[in-house]
Amino acid sequence: MTQNSSASKTSKRFSPAGPLSGKITVPGDKSISHRALILSSLAIGKSRITGLLEGEDVLATAEAMRAMGAKIEKNDDVWTVHGVGTGGLMQPEAAIEMGNSGTSTRLLMGLVASHDISTTFTGDASLTARPMGRVIDPLSEMGANIQARPSGDGKSCLPLTVRGICPAVPIAYRLPVASAQVKSAILLAGLNTPGITRVMEPIPTRDHSETMLRGFGAELAVETNTDGVRTISLTGEAELNPQNIKVPGDPSSAAFPVVAALLVPGSDIVVQNVGINATRAGLFQVLQNMGADLTFKRKRTVGGEPVADIHVRHSALTGIEVPSGIAPCMIDEFPVLFVAASLADGVTRTTGLQELRVKESDRLSQMARGLETLGVEVTEQADGLTIQGTGGKPLTGGRNKPVIETALDHRIAMSFAVAGLVTKGGLALDDMTPAQTSFPGFVEMLKGLSKA
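Read the sequence shown against UniProt numbering and you will find it ends at 452, with the numbers running on by one and no gaps.
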């Protein structure tokens, strides 16, 4: 699991090292990896998964499903899952440790909610500070009893215990905030619930759950009305069929080498086999709007998901007003976008990003403080950042600057690692261990690109 004690921190310096070049792959998509393990564990029979992200968050999901009865094994790069069937989850013997994975926790809360078992979830210092109320509310409507630890500011946090109910009550739930995690939790609860469970989302979010549920044989329909509201309807008491799944590269992980190549003069790289699902590819669209030399090669479909190789060359970027409506399609990529904006010509404004305050850290505040340390002119609003770019000039950096805090947040750590490549003299990060959450081998990847 993610380490969080001061004794286990690994500080690291990142400095300019010349142009980046070469062809690379990035770890498997985190969202798809979580869902592949969960749905395979609910199928009857043996599923095979290749390309699975073996970061700490996904490994936490695997351990959780093992604790609830699934048989999960790894042989070379192939993961084999023998499922227990929908409704077949077993009572875990102890509390389930989720490390730093909010996605795992919220999805599994939904899964347990419609089973006649009781499960306690806990996690590291970062995860136990994250609010869970938005998942608790709809699952409680379905009949689950959820007891959570109240935080000092009234939020419901981990550790929490979900006492599921079978049969649960199907609901029609309109998402108050765009959230693929909440949507997916409700749909997973609906798998073992008689009748039809419906989720309405006014703003589309990543649709991996819908795609994969259909792929496993669930009866699921999606309708969009004239106002753009999507209604996902799932028929419960589903029988899932085992699958062979090939996980594409994670666009959220690809974001870091992509931005690094755009910012470091002389760079020219290809990131291979990256998922470009329209509900996930918002960052690439925004970067192109800023003037990025970024093209998609060899577009294809793998396991129902669109995939491409991304060719990126160093580019002079221009600041823009980022449309707030694109946020759900790139919510995890904003930290590294802020780094790109810091070297753009002109002002970049972002809004509608309240969600970033309740991620692994308060990503708006963490990025604003770190960028200010590097001499960037940043204005922090309640729902976004306004950044005055340097027009391509290196950030301040240097050995005399304060160490930047990563706050146990993998995306903060990797974003400032990219920033270190375009500073005067480099920068120091207090802890790079959080990168293991989603991108094992991240540091080695950056080194390899600079020596290619």
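All C-beta atoms in this analysis are idealised placements derived from N, C-alpha and C, irrespective of residue type, glycine included. Predicted model only: the values in this text are computed from it and were never measured.
Open item on the list: Looking at the strands, I want to know which residues DSSP matches up with residue 464.
Closed with: An answer regarding residue 464 cannot be provided, because it is not within the stretch 1 to 452 covered by the chain.
Open item on the list: Runs of 3 residues minimum, wholly inside the segment 174-230: which ones carry the beta strand (DSSP E) assignment?
Closed with: 196-201, 220-224
TODO: Would you mind reading off the limits of the beta strand (DSSP E) that contains Ser156?
DONE: Here residue 156 refers to the residue found at position 156 when the sequence shown is read from its first residue. Residues 156-163.
Task: Three-state secondary structure (DSSP) of Ser41 - done: Locating residue 41 in the sequence shown gives position 41, where the first residue counts as 1. Helix, per DSSP.
Open item on the list: Considering Cα atoms alone, identify which of Gly236, Arg206, Thr205, Thr226 is closest to Leu220.
Closed with: Your numbering for residue 220 matches position 220 in the sequence shown. Of the candidates Gly236, Arg206, Thr205, Thr226, the one whose C-alpha sits nearest the C-alpha of Leu220 is Gly236.
TODO: Grab me the residues of Lys9's own chain with a C-beta within less than 7 Å of its C-beta, minus the 5 sequence neighbours each way, in chain order.
DONE: Translated into positions along the sequence shown, residue 9 becomes position 9. Same-chain partners within the cutoff: Asp430, Asp431, Thr433.
Task: Local conformation of Thr351 per DSSP, three classes - done: Position 351 of the sequence shown, counted from the first residue, corresponds to residue 351. Here Thr351 sits in coil by DSSP.
TODO: Compare the beta carbon distance of Val259 and Val339 with 8 Å and say whether it is the shorter of the two.
DONE: Position 259 of the sequence shown holds residue 259. Position 339 of the sequence shown holds residue 339. Cβ distance < 8 Å, so Val259 and Val339 count as in contact.
- [ ] Give the DSSP-derived three-state secondary structure of His311 in the structure shown.
- [x] For this step, residue 311 is matched to residue 311 along the sequence shown. His311: strand per DSSP, three-state reduction.
Task: Reduced DSSP category for Val378 - H, G, I as helix; E, B as strand; rest coil - done: Within the sequence shown, residue 378 is the residue found at index 378, counting from 1. Strand, per DSSP.
- [ ] Below 6 Å CB to CB, which residues in the same chain sit around Gly217 once its five sequence neighbours on both sides are set aside?
- [x] Position 217 of the sequence shown, counted from the first residue, corresponds to residue 217. Only Leu240, Asn241 meet the Cβ criterion.
Open item on the list: Helix, strand or coil, according to DSSP, for Ala316 in the structure here?
Closed with: Reading the sequence shown from its first residue, position 316 is the one you call residue 316. DSSP places Ala316 in coil when its eight states are reduced to three.
Task: Distance between Ile38 and Ser140 (C-alpha atoms, nearest Å) - done: Position 140 of the sequence shown, counted from the first residue, corresponds to residue 140. Position 38 of the sequence shown, counted from the first residue, corresponds to residue 38. Distance between the alpha carbons of Ser140 and Ile38 is about 21 Å.
Task: Limits of the beta strand (DSSP E) - the one that Gly133 falls within - done: Residue numbering aside, residue 133 sits at position 133 when the sequence shown is read from its first letter. First-last for Gly133: 133-141, but that is the alpha helix (DSSP H), not the beta strand (DSSP E).
TODO: Check whether the Cβ atoms of residue 533 and Pro248 lie closer than 8 Å to each other.
DONE: Lying before the first or after the last residue shown, residue 533 is absent from the chain, which here runs from 1 to 452.
Task: CA nearest to the CA of Pro328, picked from Gly228, Thr390, Phe442, Thr205 - done: Taking the first residue of the sequence shown as position 1, residue 328 is located at position 328. The option with the nearest alpha carbon to Pro328 is Thr205.
Task: Inter-residue spacing [alpha-carbon to alpha-carbon] between Gln3 and Leu53 - done: Counted from its first residue, the sequence shown places residue 3 at position 3. Counted from its first residue, the sequence shown places residue 53 at position 53. Any reading at Gln3 needs caution, since the residue's pLDDT is 41, under 50, leaving its predicted position unreliable; the model's value is listed next. Taking the straight line joining both Cα atoms gives about 19 Å.
Open item on the list: Using 8 Å for Cβ pairs, my map puts Thr120 next to Thr161. What's the rounded Cβ distance?
Closed with: Counting from 1 along the sequence shown, the entry for residue 120 is found at position 120. Counting from 1 along the sequence shown, the entry for residue 161 is found at position 161. Between Thr161 and Thr120 the Cβ distance is about 5 Å, and since that is below 8 Å, they are a contact.
Open item on the list: Determine whether the beta carbon atoms of Leu127 and Gly102 lie at a separation below 8 Å.
Closed with: Translated into positions along the sequence shown, residue 127 becomes position 127. Translated into positions along the sequence shown, residue 102 becomes position 102. Contact flag set, yes.
- [ ] Taking only the alpha-carbon atoms, compute the straight-line gap between Glu444 and Lys451 and give it to the nearest angstrom.
- [x] Translated into the one-based positions of the sequence shown, residue 444 becomes position 444. Translated into the one-based positions of the sequence shown, residue 451 becomes position 451. Answer to the nearest angstrom: the Cα atoms are 11 Å apart.
Task: DSSP-derived helix/strand/coil call for Ser6 - done: In the sequence shown, counting from the first residue as 1, residue 6 sits at position 6. Its pLDDT being 41, under 50, Ser6 is placed unreliably in this model, and the value from its coordinates should be taken loosely. Looking at Ser6 - three-state DSSP - the assignment turns out to be helix.
- [ ] Give me the Cα-Cα distance between Glu321 and Arg280, rounded to the nearest whole angstrom.
- [x] On the sequence shown, position 321 is the one that residue 321 refers to. On the sequence shown, position 280 is the one that residue 280 refers to. Approximately 19 Å between the Cα atoms of the pair.
Task: Stretch-stretch touch, CB-based, cutoff 8 Å, three pairs: the segment 160-176 with the segment 184-195 - done: yes
Open item on the list: Please classify residue 465 as buried or exposed, where buried requires at least 16 neighbouring CB atoms within 10 angstroms.
Closed with: This structure cannot settle anything about residue 465, because the visible part of the chain is limited to 1 through 452.
Open item on the list: Below 8 Å on the Cβ atoms is my contact criterion, and I expect Leu42 with Gly85 to pass it. Report the Cβ-Cβ distance as a whole number of Å.
Closed with: Taking the sequence shown and counting its residues from 1, the one referred to as residue 42 is at position 42. Taking the sequence shown and counting its residues from 1, the one referred to as residue 85 is at position 85. At roughly 7 Å, the Cβ-Cβ gap stays under 8 Å, so Leu42 and Gly85 are in contact.
Open item on the list: Quick check: Ile331 and Glu355, are their CB atoms within less than 8 Å of each other?
Closed with: Against the sequence shown, residue 331 aligns to sequence position 331. Against the sequence shown, residue 355 aligns to sequence position 355. Against a cut-off of 8 Å, the Cβ pair of Glu355 and Ile331 comes out as a contact.
Task: Phe121 (DSSP reduced to helix, strand or coil) - done: Taking the first residue of the sequence shown as 1, we reach residue 121 at position 121. In this structure, Phe121 counts as strand in the three-state DSSP scheme.
Task: Identity of the residues DSSP links to Asp345 by a beta bridge - done: Taking the sequence shown and counting its residues from 1, the one referred to as residue 345 is at position 345. Answer by DSSP bridge pairing, in chain order: Thr318.
- [ ] Could you check the C-alpha separation between Gly25 and Gln436 for me, to the nearest Å?
- [x] Within the sequence shown, the letter at position 25 stands for residue 25. Within the sequence shown, the letter at position 436 stands for residue 436. The sequence shown places Thr at residue 25, rather than the Gly named in the question. Each residue's alpha carbon lies about 16 Å from the other.
Open item on the list: Is the beta carbon of Gly319 closer than 8 Å to that of Val302?
Closed with: Here residue 302 corresponds to residue number 302 of the sequence shown, with the count starting at 1. Here residue 319 corresponds to residue number 319 of the sequence shown, with the count starting at 1. No, the pair does not count as a contact, with Cβ atoms beyond the cut-off.
Open item on the list: Output needed for Glu63: all residues of its chain with C-beta closer than 6 Å, excluding positions within five of it in sequence on either side, in chain order.
Closed with: As a working note, residue 63 is residue 63 in the sequence shown. None.
Open item on the list: At a threshold of 7 Å, does Ile310 count as lining the ligand PLP (C-beta to nearest heavy atom)?
Closed with: No copy of the ligand PLP occurs in the structure displayed, which carries no ligand at all.
TODO: Using only alpha-carbon positions, find the residue among Ala67, Pro138, Phe416, Thr423 that is nearest to Ala255.
DONE: Numbered from 1 along the sequence shown, position 255 holds the residue referred to as residue 255. With distances taken between Cα atoms, Ala255 lies closest to Phe416.
Open item on the list: Applying the 10 Å Cβ sphere with the 16-neighbour rule, what's the burial state of Pro202?
Closed with: Stepping through the sequence shown from its first residue, residue 202 is reached at position 202. Exposed, since its Cβ has fewer than 16 Cβ neighbours within 10 Å.
TODO: Let me know if Gln366 comes out buried or exposed under the rule of 16 or more other beta-carbons within 10 Å of its beta-carbon.
DONE: Position 366 of the sequence shown, counted from the first residue, corresponds to residue 366. Burial call: buried.
- [ ] Please state if the CB of Ala185 and the CB of residue 471 are separated by a distance shorter than 8 Å.
- [x] Residue 471 falls outside the range modelled here, since the chain spans only 1 to 452, and no answer is possible.
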